[in-house]
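Asker: For the record, the sequence lines run as chains D, L, W and H.
Heads up: the first sequence at position 68 corresponds to 68 in UniProt numbering, and the numbers run straight through without jumps.
Heads up: the second sequence at position 113 corresponds to 113 in UniProt numbering, and the numbers run straight through without jumps.
Heads up: the third sequence at position 6 corresponds to 6 in UniProt numbering, and the numbers run straight through without jumps.
Heads up: the fourth sequence at position 43 corresponds to 43 in UniProt numbering, and the numbers run straight through without jumps.
Cβ atoms here follow ideal geometry from the backbone N, Cα and C, with glycine treated the same way.
Protein chains: 4
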Amino acid sequence: MAERGRPKGANGEESRALLLEVAANEFAQNGYHKTKVSSIVKRASLSQPSFYLYFKNKEAIFEELEDLFRLRMIEFAKKSRLEPDLQLSTLKERIVYGLQNLLEYLAKNPDLTQIGFYISTRANEVKKQLVEQIKENLDFEVNVGYFRKDVDTQMVAESLIGIIERLTFSQLLSQQKEPAQIANNIVDLLLEGILDN
Amino acid sequence: MAERGRPKGANGEESRALLLEVAANEFAQNGYHKTKVSSIVKRASLSQPSFYLYFKNKEAIFEELEDLFRLRMIEFAKKSRLEPDLQLSTLKERIVYGLQNLLEYLAKNPDLTQIGFYISTRANEVKKQLVEQIKENLDFEVNVGYFRKDVDTQMVAESLIGIIERLTFSQLLSQQKEPAQIANNIVDLLLEGILDN
Amino acid sequence: MAERGRPKGANGEESRALLLEVAANEFAQNGYHKTKVSSIVKRASLSQPSFYLYFKNKEAIFEELEDLFRLRMIEFAKKSRLEPDLQLSTLKERIVYGLQNLLEYLAKNPDLTQIGFYISTRANEVKKQLVEQIKENLDFEVNVGYFRKDVDTQMVAESLIGIIERLTFSQLLSQQKEPAQIANNIVDLLLEGILDN
Amino acid sequence: MAERGRPKGANGEESRALLLEVAANEFAQNGYHKTKVSSIVKRASLSQPSFYLYFKNKEAIFEELEDLFRLRMIEFAKKSRLEPDLQLSTLKERIVYGLQNLLEYLAKNPDLTQIGFYISTRANEVKKQLVEQIKENLDFEVNVGYFRKDVDTQMVAESLIGIIERLTFSQLLSQQKEPAQIANNIVDLLLEGILDN
DNA sequence: AATGAATGAGCCTTCATTCAT
DNA sequence: AATGAATGAAGGCTCATTCAT
């Protein structure tokens, strides 16, 4: 006998994954409080008790999504540190590359991004960790001589995160601009400023 | 935050103002959903029905706070447009001045700021309006010759708001830095960038 | 000094009468529970405490209206008893006359009628009293020889009240027919029936 | 009225039916506004949320009861139309039969009757629909020759409903008289009137 | 692996009524 | 005669979570 007739989702992992996916979308769209367990399971064609088979409670599934996002973000931040032996002529290009990668991930995972950046109460933890990592990178990079010695790397790191956060919302998730364009814009601005000289 | 022992039945306007003040603090601290009307009135030494004497419902008082903040922000943005006849040597100084004013308001009204920037579901409306106003300013200012002709004013405006939003949270409200310092940092960064040239 | 400048309603009786009138209309339109003291006083341009200057509570003003109506109804019922020395040829005319009078009162006092007939929980008391009075009348009239000896006067009285109640609502208050017509119709029906003989 | 010790979690349909039954009784006894959801569920040995498992809200369960009654009433009215080939000698008997059926239903369902006739704000809709149906019947029956050509069928229909409504309350539900007697009384009165001729 | 049925806990809101002036 | 301000009391409804199968 093959597996036909098996109730859909009889594979627990599938049900779990489905719940995660649906929940991410609901949280992203409606926020934590307005998202009801009952709506999640309805969209996943499951019953409410099933939800508790896979997650301890509503908070737990939300945290799982938060963590998923946070871990990825840290990875990206780490990978974006500039190698010490770059030719100055490719510096901008290299920075753009790292940033673009990040933005492409965000664009491909809009629900997770919404949650991790805007909805999670602990969104600030994520951002704080990102800032720290980027500050470390910058300290290193300043030392290597890529940037001015007198920049306040903490403030620059904070600013970069602020910019990413804002543009992700207004340009990326709303599909106004492509990751590449946005990355270029950001890098241009932060490298050169807007003064006419 | 300010529950003096007011005589009951004294003055409607005072009760209303008190509720607004307490509510702002509660919303800022706990968010919209976790804030209970019952806690607000308790802290204001009033009964629950009294709340509904002054506000249609929980949503209404929250919106009033949102609006208060939004209107102020727009004012600041409008006032920050640079006059066309500035001496270039005072340009930075003048920009810092406007920004510092705004930051000082935010620092003095932390609850409202939390609400308007981070808690309100319509925080993005505020930011969008701010961006629009600043973009207009920038377009004007570029035209006058203060900044490079090739800057994407929309992106710069968005970036500025992102930076303000981020630094307000991480430096200003947490009292790590003074408005003046933050304003200087931001302006330095955006005017000159971080490249060493 | 004449009375100009005196606050309107400074005459207590006027305020009281106004409240009664407005209340009657509100009760008639919305029923007892949906009628709020606050709406009554608002329409009377008075404050809520003023209401309690004139009436013990919401129930009391309602009962006053109920009583007003009930007393009038009983009067009409009493006056409708037929004199013992009528000429048979004027019998119908005389009955119509009494009924028409009653209906004219109802038509002129639609709010009170609504309350007393349909809204009051004690509407049945009124009807019961009316039935009793009419039964007495009928017993007397049967005895005098105006009607068949074998009629169940209780049932006829009940029926008459039922008919009046129904036609008052569907024909009289909705202004479909005049009191005179309705009275004639009722009397025709009850005197002769609908059989073709 | 029927709180057997049902096993919890047994059967949704039973719970629903029980709620409907209990609610009917509560509404009949105390009216719509004084009936509390909390009392209904208490009598049904259920919790308050369970109520909302089966009914959208308090209004919905009331409307369901109203509809139940209205539909039945219309059925009875339709079934009471007289066949066109009756022998005149059995006419009265046949009319009584239809009316008695209706009254028996009312007597067996006193709660529903209270609600549909006296408590529902839309009681008048029911009565209006009944009147319409009966008027249709009468028009047809007059045409067949059962009744006088000059009767105002609208008024007779209204009167009949008024009588039924009144006697249902004062004689039937209070168990003063049997359906059969009441039906006979009504028919006698409407067919022949009370004049002595 | 899954669910029909049920509930504990809690919050918002409304209204009649009163206090103090 | 009148009212601005305030409240006690109560009821409807929602939601996350669990029991029993």
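DSSP three-state label for L195 (chain D), please.
Answerer: strand
Asker: Can you tell me the Cα-Cα spacing of V151 (chain D) and S15 (chain D), whole angstroms?
Answerer: 50 Å
Asker: Do you know whose CA, among H:N11, H:E63 and H:Y97, lies nearest N184 (chain H)'s CA?
Answerer: H:Y97
Asker: Nearest chain W C-beta to N124 (chain H) closer than 9 Å, yes or no?
Answerer: yes
Asker: For a test of the three-state rule: what should DSSP assign to F27 (chain D), helix, strand or coil?
Answerer: helix
Asker: Please name the residue, chosen from L:L195, L:I164 and L:Y118, that lies closest to residue 225 (chain L) on a Cα-to-Cα basis.
Answerer: The structure shown does not extend to residue 225 (chain L), since chain L is modelled only from 1 to 197, so the question has no answer here.
Asker: Do I161 (chain H) and K108 (chain H) have their CB atoms nearer than 9 Å?
Answerer: no
Asker: Please list the partners that E165 (chain L) has in chain D, where partner means a Cβ-to-Cβ separation under 8 Å.
Answerer: G162, E165 and R166
Asker: Mind checking who F147 (chain H) pairs with in its DSSP beta bridge?
Answerer: W:L195
Asker: For the alpha helix (DSSP H) that contains S80 (chain D), what are its first and last residues?
Answerer: Note, S80 (chain D): premise wrong, no alpha helix (DSSP H); not H, not E.
Asker: Between which residues of its own chain and F62 (chain D) is the CB-CB distance below 7 Å, once the five residues before and five after are set aside?
Answerer: F27 and Y32
Asker: Measuring only the C-alpha atoms, how far is P110 (chain L) from V156 (chain L)?
Answerer: 26 Å
Asker: Would you verify that the beta carbon of I31 (chain H) is, or is not, closer than 9 Å to some beta carbon of chain W?
Answerer: The question names Ile, but residue 31 (chain H) is Gly in the sequence shown. Chain W contact via Cβ: present.
Asker: Under a three-way DSSP split, which group does D85 (chain H) fall into?
Answerer: coil
Asker: Does E13 (chain L) get closer than 9 Å to chain D when you measure Cβ to Cβ?
Answerer: no
Asker: Less than 9 Å between CB atoms is the rule here; does M73 (chain H) satisfy it with respect to chain W?
Answerer: The C-beta of M73 (chain H) comes no closer than 9 Å to any C-beta of chain W.
Asker: Is the distance from the Cβ of S80 (chain L) to the Cβ of N137 (chain L) below 9 Å?
Answerer: yes
Asker: At a Cβ threshold of 9 Å, is D196 (chain D) touching chain L?
Answerer: With 9 Å as the cut-off, D196 (chain D) counts as an interface residue toward chain L.
Asker: If we count Cβ pairs, one from each stretch, closer than 8 Å, do we get three or more for the region 139-147 of chain L versus the region 72-89 of chain L?
Answerer: yes
Asker: Give the interface partners of G193 (chain W) over in chain H, defined as CB-CB distance under 8 Å, in chain order.
Answerer: L189, L190, L191, E192 and G193
Asker: Rounded to whole angstroms, what is the Cα-Cα separation between T168 (chain D) and N101 (chain D)?
Answerer: 13 Å
Asker: Please list, in chain order, the chain W residues whose beta carbon lies closer than 9 Å to that of N57 (chain H).
Answerer: Within chain W, no residue comes near N57 (chain H); the closest Cβ sits about 16 Å away, beyond 9 Å.
Asker: Which residues mark the beginning and the end of the alpha helix (DSSP H) in which S47 (chain W) is found?
Answerer: From DSSP, S47 (chain W) is part of no alpha helix (DSSP H); its letter is neither H nor E.
Asker: Taking its Cβ as the centre, do 16 or more other Cβ atoms sit within 10 Å of F170 (chain H), making it buried, or is it exposed?
Answerer: Sequence inspection shows Ser at residue 170 (chain H); the Phe mentioned does not correspond to that position. Answer is buried; the Cβ neighbour count reaches 16.
Asker: Rounded to a whole number of angstroms, what is the C-alpha to C-alpha distance between T90 (chain D) and Y146 (chain D)?
Answerer: 11 Å
Asker: Should R70 (chain W) be flagged as near chain H, meaning a C-beta pair shorter than 9 Å?
Answerer: no
Asker: DSSP three-state label for D67 (chain H), please.
Answerer: helix
Asker: Once DSSP output is grouped into helix, strand and coil, what is the label at D111 (chain D)?
Answerer: Of the three classes helix, strand and coil, the one that applies to D111 (chain D) here is helix, per DSSP.
Asker: When Cβ atoms are compared, which residues of the region 129-152 of chain D fall closer than 8 Å to chain L?
Answerer: V131, G145, Y146, F147, R148, K149, V151 and D152
Asker: Excluding five sequence neighbours on each side, which residues of the same chain lie with their C-beta closer than 7 Å to the C-beta of T153 (chain D)?
Answerer: K135, L138, D139 and V142
Asker: Output, in sequence order along the chain, the residues in the region 96-124 of chain W whose CB is closer than 8 Å to any CB in chain H.
Answerer: Taking 8 Å as the cut-off between beta carbons, the residues of the region 96-124 of chain W near chain H are T121 and N124, in sequence order.
Asker: Among W:Q114, W:V187 and W:I164, whose alpha-carbon lies nearest the alpha-carbon of E93 (chain W)?
Answerer: W:V187
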